[in-house]
C-alpha cells in the first residue's frame, strides 16, 4: 500500500509540473508554442472563417488533429495548412510539400516526418536518412500515425 501511495504521489508531481504534451509522442490541442529550432517540423493553420488559428510543433500532430475533424473542416485544414521546408525553413502550403516519412530525424513528438518544397531534395534526404518514404499531403493524411 505504501508503494502505491508513493507512485501516486510521484505521478501527481509530474502531472502538475510538466505541461500537456511534455512527453514525446503526445500531441497538444493545436496550441503548441513553436520554438525557433523546431519550426521546420511545425504545421501552422491561420485563422479562417469557422476555424481559429492552430499550431502544431510536429507534422504528425497536425495530421492527427486534421484527421479528427469532419470532412468540411478537413478540406479547410488541407487548403490552408502551412509547413516549413526542412532545408531552408521557407513556409510552404502543405498541399504542395513533399513529406519524408519514417526518417531517423528527431522531431518534437517523435513522428520523424519532415517536409520539403522540392521532390528531388526529399528523395535525396529519404535515401540518406533511414528508411524514409516520400509522399504528398493527401498520402500523408492516410497514414496510420500513432
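In the numbering used here, the protein residues as written are 1478 to 1623. Ideal Cβ placement from N, Cα and C applies to all residues, glycine included.
Using C-beta distances below 7 Å, list every residue in its chain close to residue 1544, excluding the 5 sequence neighbours before and after it, in chain order.
Around residue 1544: 1618.
Does the count of Cβ pairs from the segment 1526 to 1537 and the segment 1507 to 1514 closer than 8 Å reach three?
At 8 Å Cβ cutoff, the stretches touch.
For the candidate residues 1554, 1503 and 1603, whose alpha-carbon lies nearest to that of residue 1575?
The residue with the shortest Cα to Cα distance from residue 1575 is 1603.
At which residues does the beta strand (DSSP E) containing residue 1517 begin and terminate?
Neither: residue 1517 is in no beta strand (DSSP E) and is coded neither H nor E.
Under 6 Å Cβ to Cβ from residue 1524, same chain only, skipping five residues before and after it: list those, please.
Excluding positions up to five away in sequence, the list reads 1530.
Just mark residue 1538 as buried or exposed, buried being the case when its beta carbon has 16 or more other beta carbons within 10 Å.
Classification of residue 1538: buried, given that the 10 Å Cβ count is 16 or more.
Which two residues bound the contiguous alpha helix (DSSP H) that contains residue 1548?
1548 to 1557 is the extent of the alpha helix (DSSP H) around residue 1548.
Can you give me the C-alpha to C-alpha distance between residue 1553 and residue 1507, rounded to a whole angstrom?
Taking the straight line from one Cα to the other gives about 15 Å.
For residue 1615, report the span of its alpha helix (DSSP H) as first-last.
First-last of the alpha helix (DSSP H) with residue 1615: 1614 to 1617.
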